Amino acid sequence: MYDSQETVVLCGANSYEQKYYFNQDFSGLPEQIRQELQIMCVLFTEDVGGILTLEFLEDGTLILNVDHEESDYLFDEIGSELKIREIQREKVELMTALERYFRIVFLGEDAEEVLAAEREEEE
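Here the sequence shown stands for residues 36 to 158, where the numbers follow the numbering used here.
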């Protein structure tokens, strides 16, 4: 279980160093999910530049965090915000599943309670 007051980085891509990072604490995720995350992060940074990280807040919420160097005048801030919204819209099932995984595996929440809470939110 995680006992952290900070965010936990799942993965990220950096357009400046042309690198992708995946937190090995999440190596239990299926390979297909890990590949989808890598493709999503790398394509994002190739598209708009900067640095994208997927991070879990202490309550298990998954956020997409974008940063860029101040000297990067080519960074597309508007495009970045639009791309984040597009990912959140198109990858809602993936994001929900990742949040569920984090809450159960890392925060130690009861799987039945997590699923019941999700069903209540849907209604």
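Ideal Cβ positions, reconstructed from N, Cα and C, are used throughout, including at glycine.
Remember, predicted model here, so these are calculated numbers, not experimental data.
Look at glutamate 105 here: in three-state DSSP terms it is coil, with no helix or strand label.
Taking C-beta atoms under 8 Å as the contact rule, tyrosine 136 and leucine 64 qualify, at a distance of about 7 Å.
Apart from sequence neighbours up to five positions away, the residues of its chain that approach valine 44 with a beta-carbon distance below 6 Å are Asn58, Thr88, Glu90, ordered along the chain. A contact between stretches requires three or more CB pairs, one per stretch, nearer than 8 Å, and the region 130-148 fails this requirement with the region 75-83. Distance from the CA of aspartate 107 to the CA of isoleucine 139, rounded to the nearest whole angstrom, comes to 39 Å. Membership of glycine 47 in the beta strand (DSSP E) is indicated by the continuous run 43-49. Of all alpha-carbon atoms in Ser62, Ile68, Arg154, Val77, the one lying nearest the alpha-carbon of glutamine 53 is that of Val77. Note on leucine 150: under 16 other CB atoms within 10 angstroms of its CB, so exposed under the neighbour-count rule. Under a 10 Å Cβ-count criterion, valine 101 is classified as buried, with 16 or more other Cβ atoms of the shown protein chains found around its own Cβ.
Residue environment analysis places glycine 114 among the exposed positions, since fewer than 16 neighbouring C-beta atoms fall within 10 angstroms of its C-beta. Isoleucine 119 and methionine 75 do not touch by the CB rule: their CB atoms are close to 11 Å apart, not below 8 Å.
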